[in-house]
Amino acid sequence: MCTFKESVSTVVEDYESPDLDNSIFSDSIFEKELNLENVIIKNRLFNNTEYKTLTIKKLNLFGCTFNDKFILNNYLIDELHCFDSHFIEKMEFKKNKLQFFEINNTNFSKLVDCYKTSYHKFQITKSIFYDFVNFEECEYGIITKQKDKDYAALFLYATMMSFINFRKAYFISGLDLAHINLKEPPNFLSATVSPYNSNRETFRIIKYSFDKVGNYIEANKFYEMEMLKLKEELKIQNKRSEYFLLRLYEITSNYGQSYVRPIIFTLLFSLAYWFLIIGYEHNILYSIYQPANHILETISNVFNGISKHIMPISKVLKDGMEFLSLIFYITFTSFIWLIILAIKRSTKR
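Take any residue in the sequence shown, note its place counting from 1, add 8, and you have its number in this note's numbering.
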């Protein structure tokens with residue numbers, strides 16, 4: 009139950025790794041740094057009582073081996089840095105609040121439980137998790153008015169050999185899973201992922217995780233976010249034709265998520281087609297602009313002639329309006345397909 013006003017560090021002489029056989033800290037407060045370097049800890053380092061909120065200004069673990077459980081709960085920590093270490097037994101890190109959490113080149117042999125912990129900056133790099141990893145109800149990032157990639161939760165070449173759980177997690181500043189290595193699909197049930205600072209590969213991984221377990225409705229939500237990120241990429245790459253088609257897909261059906269939009273567009277185009285037929289039958293177009301009659305007739309004859317010879321669509325084309333009928337036929341077919349697709353995605357089991 010000590011309060012350390014200055015930094016606390018292990019002293020390593022002649023590059024030997026000392027062994028710490030017993031628990032050292034119980035309900036201790038560290039107003040500056042706690043530095044452990046190149047030590048083998050055979051018992052629990054922290055032996056705290058439950059339901060007590062304590063503080064560590066900065067916790068540095070460099071080249072350490074933890075032979076027993078590592079349990080550190082209910083702490084306020086400004087920074088935690090863990091490099092080149094090994095957790096042989098369970099790591100329990102629950103209900104903590106951190107400004108910066110960084111793990112690099114560290115292995116975890118048993119379960120890692122970080123339930124309901126909040127991180128402002130979060131980064132795991134080149135580390136291996138051999139057992140179940142739990143990030144349920146965790147929060148990542150901070151609410152800012154500007155896009156700041158530094159606060160996106162980052163899993164950079166992290167390898168998950170077992171199951172990882174993000175149920176009800178909240179990624180306030182985004183998530184980057186583009187370089188994660190997963191053996192099993194993660195669980196993102198009821199998780200919230202901000203599109204800011206997140207990338208398309210992240211949303212593809214989440215979508216696939218829901219598809220894998222048959223939760224297609226949730227998968228479709230992240231499919232929409234995946235398409236939004238693809239649209240951003242195409243715009244940056246200046247791929248105009250692909251961007252146009254994707255933008256059209258978004259406007260007409262919200263990437264296949266809405267059946268209301270294509271129904272509305274179908275009704276509007278039906279109304280437009282009806283007016284065109286009336287205009288053609290009453291020769292309204294030619295009477296509006298007489299000098300262009302010959303030019304319009306020549307152009308329409310060419311396109312109508314081409315349209316007549318497209319089998320088997322020619323059977324449903326209106327005489328004298330074959331080309332316009334062809335355009336509307338393709339349009340209506342596309343809208344009907346979008347309606348069926350959206351209904352199927354909303355009701356698929």
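Note that beta-carbon positions come from the ideal geometry of N, C-alpha and C, so glycine has one too.
Count the C-beta pairs between the segment 177-185 and the segment 226-234 that are closer than 8 Å, then say yes if the count reaches three, no if not.
-> no
Starting from Thr-152, follow its DSSP beta bridges and name the residues at the other end.
-> In DSSP, Thr-152 forms no bridge with anything.
Got a sec? Which residues, its chain only, sit under 8 Å from Arg-175 by beta carbon, not counting five neighbours each side?
-> Glu-144, Glu-145, Asn-195, Phe-196, Leu-197, Ser-198, Ala-199
Enumerate in chain order the residues of its own chain whose CB-to-CB distance from Lys-215 is below 7 Å, with the five nearest sequence positions on each side excluded.
-> Ala-227, Phe-230, Tyr-231, Glu-234
Residue interval of the alpha helix (DSSP H) (run including Ala-177) = Taken as a continuous stretch (DSSP letters only), Ala-177 belongs to no alpha helix (DSSP H), as it is neither H nor E.
Nearest-angstrom Cα separation, counted from Ile-244 out to Lys-394 = As displayed, the chain neither begins before 9 nor continues past 357, which places residue 394 out of reach and without an answer.
Three-state secondary structure assigned by DSSP to Met-169 = coil
Classify Tyr-358 as helix, strand or coil using the three-state DSSP reduction.
-> Look at the range of the chain in this structure, 9 to 357, and you will see that residue 358 is not part of it.
For Phe-223, which of helix, strand or coil comes out of DSSP?
-> Correcting the residue type first, residue 223 is Asn in the shown sequence and not Phe. In this structure, Asn-223 counts as coil in the three-state DSSP scheme.
Quick one: Cα of Val-120 to Cα of Leu-67, how far?
-> 18 Å
Please name the residue or residues paired with Lys-108 in a DSSP beta bridge.
-> Correcting the residue type first, residue 108 is Phe in the shown sequence and not Lys. DSSP lists Glu-87, Lys-129 as partners of Phe-108.
Using three-state DSSP, classify Ile-32 as helix, strand or coil.
-> coil
Who are Leu-162's beta bridge partners in DSSP?
-> Gln-131, Asp-184
Apart from the five residues on each side of it in sequence, which residues of its chain come closer than 6 Å, Cβ to Cβ, to Ile-201?
-> Sequence check: residue 201 is Val here, not Ile. Around Val-201: Phe-179, Leu-183.
Quick one: residues in its chain with C-beta nearer than 6 Å to the C-beta of Asn-43, no 5 flanking neighbours on either side, listed in chain order?
-> Ser-17, Asn-68
Measure the Cβ-Cβ separation of Leu-284 and Leu-325 and say whether it is below 8 Å.
-> no
List the endpoints of the continuous alpha helix (DSSP H) containing Thr-274.
-> 268-289
Alpha carbon to alpha carbon, how far is Glu-192 from Ser-170?
-> 6 Å
Can you name the start and end residues of the beta strand (DSSP E) that Lys-103 belongs to?
-> Lys-103 -> no beta strand (DSSP E), and no H or E assigned at all.
CA-to-CA distance, Thr-355 to Ile-132, given in whole angstroms = 38 Å
For Lys-220, I'd like the list of residues in its chain whose CB is within less than 7 Å of its CB, leaving aside the five on either flank, ordered along the chain.
-> Pro-193
Should Arg-52 go down as buried or exposed, given a rule of 16 or more other Cβ atoms within 10 Å for buried?
-> buried
Below 8 Å between beta carbons: does that hold for Tyr-281 and Phe-336?
-> yes
When you compare only the Cα positions, how much space is there between Phe-273 and Arg-353?
-> 19 Å
So, are the CB atoms of Ser-7 and Glu-100 less than 8 Å apart?
-> This structure leaves residue 7 out entirely; the chain is present only between 9 and 357.
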